[in-house]
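See structure below.
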Amino acid sequence: MEYVSPEGLRLDGRRPMEMRQIRAEIGAVSKADGSAVFEMGNTKVIAAVYGPRQVQNKSQQMNDQALVRCEYSMANFSTGDRMRKPKGDRRSTEISLVIRQTMEASILTHLMPHSQIDIFVQVLQADGGTRSACINAATLALADAGIPMRDLVTSCSAGYLNSTPLLDLNYVEDSAGGADVTLGILPKLDKVTLLQMDSKLPIDILENVMQLAIEGCKAVANYIREILLENTKQLEFRRGV
Amino acid sequence: MLHNKSFVKKTRAGRVMKQVREHYLRDDIFCGAPFCKVCDTSSARLSESPSTILVLDTNVVLHQIDLLENLAIDDVVVLSIVLEEVKNKNLSVYNRIRAICSNSKRNFFVFSNEYHRDTYIKEMSGETKNDRNDRAIRVATQWYQNHLGSGVKVLLITNDKENKRKANDEGIHAETVETYVKSLDRPDLLDLLVRPSEDIDMEEVEDLRPSKRKVIYIEHKPMSEITSGLHRGIYHQGKLRVNRYNPFEAYVGSESIGDEIIIYGRSNMNRAFDGDIVAVELLPQDQWQEEKSLSIACGDEDEDEDVHLAPNSADDAPRTIPQQGSSGEINAVSSRPSGRIVGIIKRNWHSYCGSLEPMPMPAGSGGIVHALFVSKDRRFPKIRIQTRQLENLLDKRIVVAVDSWDRQSRYPSGHYVRTIGEIGDRDTESEVVLIENDINSRPFSSQVLACLPPLPWSVSSEDLSNPIRQDLRNLRVFSVDPPGCKDIDDALHCTALPNGNFEVGVHIADVTNFVHPGTPLDDEAAQRGTSVYLVERRIDMLPKPLTEDICSLRSDVERLAFSVIWEMTPEADVVSSRYTKSIIKSSAAMSYVEAQARMDDSRLMDPLTTDLRNMNSLAKKMRLRRIERGALTLASAEVKFQIDTETHDPLDIGMYQIREANQMVEEFMLAANVSVAQQILKSFPLCSLLRRHPTPTKEMLEPLLRTAAAIGLHLDVSTSKAMADSLDHAVGDDPYFNKLIRILATRCMSQAVYFCSGELSPPEYHHYGLAAPLYTHFTSPIRRYADVIVHRLLAASLGIFKLPPIFQDRGQLTSISDNLNYRHRNAQMAGRASVELHTLIYFRKRPTDTEARIVKIRSNGFFVFVPKYGIEGPVYLTTRSEKGGGEWYIDEQQQKIKKMDGSLSYSILQSVQIHMEVVEPQPNRPKLQLSLI
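Protein chains in written order, with full-length UniProt numbering: chain G, 1 to 241; chain E, 1 to 933.
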């Protein structure tokens with residue numbers, strides 16, 4: 001199938017190097033310590049962060065660092081057909097683990113020993129790239145909760161279809177069977193914290209695709225920073241400083 | 001600007017789902033006019049100052065693609081919505097319009113109206129998809145007119161009356177194709193036009209009386225009924241294949257009943273063409289017809305069997321239906337299901353080569369004339385066309401495309417596309433052969449030629465110092481090829497080692513050193529697939545400098561090669577084998593005759609001759625071993641022409657003579673291929689390109705066994721070994737008998753095919769004819785693309801080069817191997833057609849009497865095979881007028897045809913004297929006629 005037309009437009013009208021429209025909102029769950037909604041096109045994810053707080057299960061408590069837990073789930077209404085998804089299936093366990101590890105890499109856990117940080121992410125609407133959207137939402141929520149971090153982790157996916165590297169795959173492109181690279185970086189430190197790929201790619205092409213994904217992550221990081229800045233300004237304003 | 005598209009879609013399981021897709025509308029899509037002040041003109045495609053810009057409607061693109069391909073139509077804007085609709089309706093037209101759009105010589109611009117902020121429109125409530133798209137086209141046209149201002153006329157070309165009316169109402173210039181072409185004042189273009197169906201007066205050619213205007217074919221069932229019928233199992237879906245030798249008989253291979261359904265007659269075929277995907281309904285069992293093929297031609301029209309080349313494999317041969325219970329049972333109803341076509345799921349119409357049926361010139365020339373077109377390929381029915389240039393076309397070969405086939409019309413209607421040349425002219429007829437077999441004989445494009453290394457080319461110091469390349473220039477390498485061969489892709493060497501063994505090397509031209517994956521050169525070669533050898537010319541797969549110079553392993557020049565080198569004992573056992581890229585310098589390029597003469601001349605004792613003799617003795621041992629394993633020695637009736645160098649007319653034909661030297665070279669090539677196949681499969685078990693030859697089934701061998709039984713010969717066909725042995729023992733009272741049996745045996749087998757190793761399981765890799773578990777093609781990369789792929793695989797398996805990315809995509813590799821099989825087959829067909837053509841030219845001036853063998857018995861005559869000229873054709877015992885006069889009857893069991901009074905009888909394989917002569921029953925339709933003396 002033709003995913004990129006000879007005119008250089010993708011099925012949804014984007015060019016290969018363009019991301020979908022992104023939108024973020026801080027403070028969607030007021031009960032939580034920090035929360036955010038993150039949208040990439042039609043993918044919509046909500047994240048809530050509790051903590052640092054007392055460790056619930058004493059046996060898991062660590063004396064030198066904080067315990068980070070993450071739970072990922074998909075709302076039953078997130079895809080078109082309503083399907084009851086059992087909690088804790090393989091896919092969501094895996095994504096929970098991936099998000100936890102990615103976030104753990106940036107949280108300064110050694111500053112908060114004997115405590116626990118819970119990250120809950122839920123996909124409200126799925127249209128490809130849920131993994132990336134979840135990480136971005138979690139970053140925002142962590143920042144909103146005021147948890148100390150090395151850097152803002154951001155994530156973006158990229159793929160390779162019709163011999164063209166494509167940024168930020170949507171569901172149709174994702175299910176085309178080509179390679180799908182999900183990348184998470186620490187943009188200021190220029191370090192990669194997450195790299196996953198479905199299917200295979202020759203190494204030189206992978207480098208191109210990865211470079212594209214890095215560009216995408218940086219763009220997301222700029223946007224997130226803007227949102228946070230704006231949020232801080234509002235907080236400042238409310239305090240009347 | 002973001003916008004969500006939402007629509008409902010039926011899933012494969014039959015559930016209806018709502019789908020929501022994002023749809024981004026852009027402001028950076030440009031109009032493509034170089035004179036535009038607002039837009040970015042870097043990608044502009046339209047001409048500098050056009051007077052009119054055409055916007056095409058979908059129906060125009062779908063039906064008038066032949067017109068659009070004409071250079072007279074230019075400055076066209078193709079909207080993306082039109083492309084999308086065309087793609088959904090007809091993929092081949094879509095590919096053609098895409099090719100025009102990407103052709104830099106044409107000013108066709110694709111405007112992505114669906115993604116442009118100002119031209120995207122939403123479906124209104126109550127509006128059908130079609131109306132919405134028509135409106136989108138009008139909106140885009142309007143936008144163009146406003147955008148470019150009044151200096152340019154933007155003209156919407158549509159054949160949809162409603163659309164045209166609405167466009168005119170909205171103040172858009174709109175015209176139909178006819179009026180536009182007429183305004184161009186180019187009468188020759190008018191012939192290219194497809195007339196909308198309501199304008200065609202169907203009966204004008206056949207009959208003008210209204211009483212005769214009757215429905216000839218039953219109506220096709222609507223698509224919904226077909227789908228449900230297929231579901232319920234009353235209809236069967238499959239691809240229609242028309243018998244090459246009898247256009248009134250066709251087969252539909254159906255998966256649902258696991259057998260082929262036979263369709264007899266045009267009315268049962270119900271307007272389907274060869275290659276169409278059709279829905280078939282089975283006829284009640286009592287209507288299943290006993291095979292009709294017993295008589296040579298079904299004469300409900302004036303078509304009959306022609307003399308043609310003897311077929312080389314089961315794929316070429318006319319299909320014979322295995323007879324059930326042929327002994328004893330009279331009145332047996334055929335067990336083969338027959339059916340009739342109730343609907344056509346997908347049309348496979350393309351353009352056809354042929355000529356107009358001779359007809360008297362109507363009074364008052366210059367007007368529109370209806371004529372009947374007869375395709376050269378007999379599988380297609382006659383096609384009715386309209387023309388204004390009848391007097392020009394009558395004696396020409398022309399190309400015609402099909403437009404529609406109405407229920408009331410015996411023949412489909414079509415339109416003229418172009419003229420090839422005069423009938424009977426050798427160049428024209430060769431061109432027809434190429435077109436019919438879908439062979440691209442166009443010169444290579446400039447992009448392809450740009451990939452060639454600069455000329456004159458020679459081995460560079462870089463090549464010499466390259467560590468992957470071994471310097472073998474010191475070896476005494478030589479090549480043996482047919483005389484006059486310019487594309488030498490293989491060379492050999494054979495050195496005696498101190499330990500008594502021999503070092504034997506096969507050196508193959510290193511084509512992949514020049515043809516890099518992903519380049520236009522590589523794409524072109526992959527598309528062509530193989531070089532095509534016609535009698536008088538060769539159509540190369542690679543450009544001439546590569547074929548005849550840079551890659552060709554000519555004598556006394558340094559060339560790059562890919563070498564397979566074995567150490568062999570004098571008993572021809574392989575001790576070790578290795579593969580390497582190399583540099584060689586051939587010391588002699590011999591012809592088969594030369595090499596043979598050297599070996600035979602006992603006075604010659606020079607080193608080269610000694611090498612040849614050593615190799616020959618090794619080859620004989622290898623050959624013997626191969627035959628012991630069960631390899632079949634098959635025979636074909638290959639003929640060779642001697643062509644006049646001036647006029648290119650054939651001077652003489654004769655059987656192709658096979659010498660020991662041929663067999664020697666062949667043996668080492670086979671060994672190299674097998675060796676390479678093992679090596680690449682070891683490294684790439686899932687993506688190797690191999691070649692297999694399927695074991696023939698019992699049914700396929702049935703005609704051979706029947707013939708053999710009739711003459712009292714027992715053939716054991718249980719294994720290839722048994723078959724080879726019984727073929728060896730089949731010695732008759734005359735020397736040609738054994739060869740004849742072998743030719744008949746070869747004909748029963750299907751052809752070997754390329755495949756991707758991941759697609760099949762290892763036992764299926766078997767090559768029956770060579771009795772080899774693995775086989776591939778490695779030795780002719782100059783003329784076969786399969787070898788180029790195998791070269792890349794081998795290089796990758798040695799770690800010299802990376803494997804190109806396409807090998808990671810199994811689907812793509814399979815599609816390449818399918819294309820190779822298709823091209824290979826077409827190249828063979830074209831070669832045969834070319835030989836047939838030259839046979840005709842040869843006998844035109846030389847009526848001949850010769851000996852022939854009867855190979856097939858029919859109720860009104862028999863087929864004979866003429867060994868000397870390699871042709872096969874019918875000999876009629878009864879004349880056409882007294883059809884089935886009852887004078888002759890067939891003895892099925894003994895395969896004999898006898899005269900009623902017993903005075904005369906002919907049996908199968910009997911030798912008869914025949915007279916061959918070219919006759920012209922109709923003007924411009926020469927054919928070769930065989931008659932008994």
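The beta carbon of each residue, even a glycine, is placed where N, CA and C say it ideally should be.
Computed from a prediction, not measured in an experiment: that's the story for all the values here.
Under the Cβ criterion (8 Å, minimum of three pairs), the segment 336–354 of chain E does not count as touching the segment 134–153 of chain E. For the set E:E503, E:I782, E:R336, the Cα lying nearest the Cα of E:I550 is the one of E:I782. For G:K218, the enclosing alpha helix (DSSP H) stretches over residues 203–239.
Assignment of E:E69 by DSSP, reduced to helix, strand and coil, places it in the coil class. E:F562 is the residue among E:M916, E:D57, E:R537, E:F562 whose C-alpha sits nearest the C-alpha of E:F514. Looking at the backbone, the Cα of E:R626 and that of E:C748 are separated by about 22 Å. Under the 8 Å criterion on CB atoms, E:H147 is classed as non-interfacial with respect to chain G. When rounded, the separation of the alpha-carbon atoms in E:E759 and E:L686 is 8 Å. For E:C353, the beta-bridge partners assigned by DSSP are E:V399. Taken in chain order, the complete beta strand (DSSP E) segments of 3 or more residues contained in the segment 208–282 of chain E are 235–242, 249–254, 259–264, 277–282. The C-beta distance from E:E436 to E:D377 rounds to 6 Å, short enough to fall under 8 Å.
Beta-bridge analysis with DSSP links E:K581 to E:R469, E:F562.
Of the other Cβ atoms in all chains shown, 16 or more fall within 10 Å of the Cβ of E:A827; this residue is therefore buried. DSSP places G:E173 in the helix class (H, G or I) of the three-state scheme. With respect to the 8 Å criterion, E:L713 and E:C756 are not classified as neighbours on the basis of their beta carbons. Along the length of the segment 126–156 of chain G, whole alpha helix (DSSP H) runs at least 4 residues long occupy 130–145, reported in chain order.
Across the set E:H766, E:D131, E:S445, the C-alpha of E:H766 shows the shortest separation from the C-alpha of E:T719.
At least one C-beta of chain G is nearer than 8 Å to the C-beta of E:V20.
Under DSSP, G:I26 shares a beta bridge with G:A36. For the options E:F843, E:Q808, E:I65, E:G518, the alpha carbon positioned closest to that of E:L91 is the one of E:I65. Shortest Cα-Cα distance from E:P34 to any of E:P773, E:S460, E:S43 involves E:S43.
Linking E:V417 to E:T158 through their CA atoms gives a straight-line distance of about 21 Å.
As the crow flies, the alpha-carbon of E:R96 is around 26 Å from that of E:Q389. Distances from the alpha-carbon of E:H370 to those of E:S228, E:L393, E:R379, E:D556 put E:L393 closest.
The three-state secondary structure of E:W143, taken from DSSP, is helix.
Interface with chain G (8 Å Cβ-Cβ cutoff): E:P34 is excluded.
Setting aside the 5 residues that flank it on each side, E:D490 is surrounded in the same chain by I508, T779, each with a C-beta closer than 6 Å to its C-beta; the list follows chain order.
Listed in chain order, the positions of the segment 787–812 of chain E with a beta carbon within less than 8 Å of a beta carbon of chain G are K802, P805, Q808. Selection E:A167, E:R659, E:D259 evaluated against E:S338 yields E:D259 as nearest (Cα-Cα). If you draw a straight line from the Cα of G:L97 to the Cα of G:V123, it comes to about 16 Å. Inter-residue distance for E:V918 and E:A724 is about 39 Å (C-alpha atoms, whole angstroms).
E:H116 and G:D151 have their C-alpha atoms some 39 Å from each other. Within chain G, the residues whose beta carbon sits less than 9 Å from that of E:V110 are S5, P6, E7, listed in sequence order. Distances from the alpha-carbon of E:Q527 to those of E:I439, E:D487, E:W143 put E:I439 closest. In this structure the segment 845–854 of chain E lies against the segment 909–916 of chain E, because at least three pairs of beta carbons, one per stretch, are closer than 8 Å. Listed along chain G are G13, each with a C-beta nearer than 7 Å to that of E:R26.
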